[in-house]
Amino acid sequence: MDKSQETQKTEQEVASEFKSYYLQRATKEFAEDLDKVRGADDFRNDALQILVSALQQGTELFSPEDQRRIVMAESSSSSSSSSAARA
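1 is the number of the first residue of the sequence shown in full-length UniProt numbering; add one for each residue after it.
Put into structure tokens, the structure is as follows:
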């Protein structure tokens, strides 16, 4: 995807991509802690949705402009990595 296509993404598309990126990074960063929480004796399956919701709230700390900048940077680094892998 070229830069003109990146800047043409709607706010909703950017927010969706950012949320996905943020959750992937957060779960990777906190993997050990999340495993401890899920393994706790008092952890119930219905608490999983609360945990996901709590992690998603972290996206609200970023302005729409910051989200777009991060999504664009991630997209360009992903496409650079893909190009390098194909070479």
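Where is the CB? At the ideal position from N, CA and C, for every residue including glycine.
Please read all numbers here as calculations on a predicted model, not as lab measurements.
{"Check": "Within 8 angstroms, strictly: CB atoms of Val71 and Tyr21", "Outcome": "yes"}
{"Check": "Straight-line Cα distance separating Arg69 from Glu11", "Outcome": "12 angstroms"}
{"Check": "Spatial distance of Phe18 from Thr59 (CA atoms)", "Outcome": "8 angstroms"}
{"Check": "Proximity of Val14 and Gln67 at Cβ, strictly below 8 angstroms", "Outcome": "yes"}
{"Check": "Assigned secondary structure, Lys9 (DSSP; H/G/I helix, E/B strand, else coil)", "Outcome": "coil"}
{"Check": "Residue span of the alpha helix (DSSP H) that contains Ala54, given as start and end", "Outcome": "Ala47 to Gln56"}
{"Check": "Of the listed residues Lys9, Arg25 and Phe43, nearest to Leu55 (C-alpha basis)", "Outcome": "Arg25"}
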